[in-house]
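Student:
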Amino acid sequence: MRTVGNSKKQISAYPRQLESLIRLDEAHAKVRLSDKVEEFDVKEAKQLYRKALISAGKCRLLD
Numbered sequence: 002m003r004t005v006g007n008s009k010k011q012i013s014a015y016p017r018q019l020e021s022l023i024r025l026d027e028a029h030a031k032v033r034l035s036d037k038v039e040e041f042d043v044k045e046a047k048q049l050y051r052k053a054l055i056s057a058g059k060c061r062l063l064d
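Residue numbers 2 to 64, in our numbering, belong to the letters of the sequence shown in order.
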């Protein structure tokens with residue numbers, strides 16, 4: 002993955018990954034029965050995405 006910036010709070014992502022994050026945001030909002038995505042949904046999707054990457058790395062699925 003490309004590295005952008007040195008801050009640990011930044012996430013670098015390709016367009017496909019950003020689209021996936023948007024779909025996760027929308028799905029989380031729907032689970033809450035909300036018509037719109039809120040900051041909470043984005044935070045939860047980001048956390049889920051990060052955990053999935055860590056899990057895949059531990060299983061060596063990203064070789």
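Beta carbons: idealized from backbone N, C-alpha and C, even for Gly.
When the Cβ atoms of the region 38-47 are set against those of the region 22-29, are three or more pairs found closer than 8 Å?
Tutor: With a cut-off of 8 Å, the region 22-29 and the region 38-47 count as touching, because enough Cβ pairs lie within range.
Student: The alpha helix (DSSP H) that contains L22, what's its start and end?
Tutor: First-last of the alpha helix (DSSP H) with L22: 16-32.
Student: What span of residues does the alpha helix (DSSP H) with K52 cover, start to end?
Tutor: Where K52 is concerned, the enclosing alpha helix (DSSP H) stretches over 40-59.
Student: Please state the DSSP three-state secondary structure of R3.
Tutor: Confidence at R3 is low in this model, with a pLDDT of 48, below 50, so the placement of that residue should be treated as unreliable; the coordinate-derived value is given next. In the structure shown, R3 sits in coil (DSSP, three-state: anything other than H, G, I, E or B).
Student: Given a cut-off of 8 Å, decide if E20 and A30 are closer than it, judged by their beta-carbon atoms.
Tutor: Contact flag unset, no.
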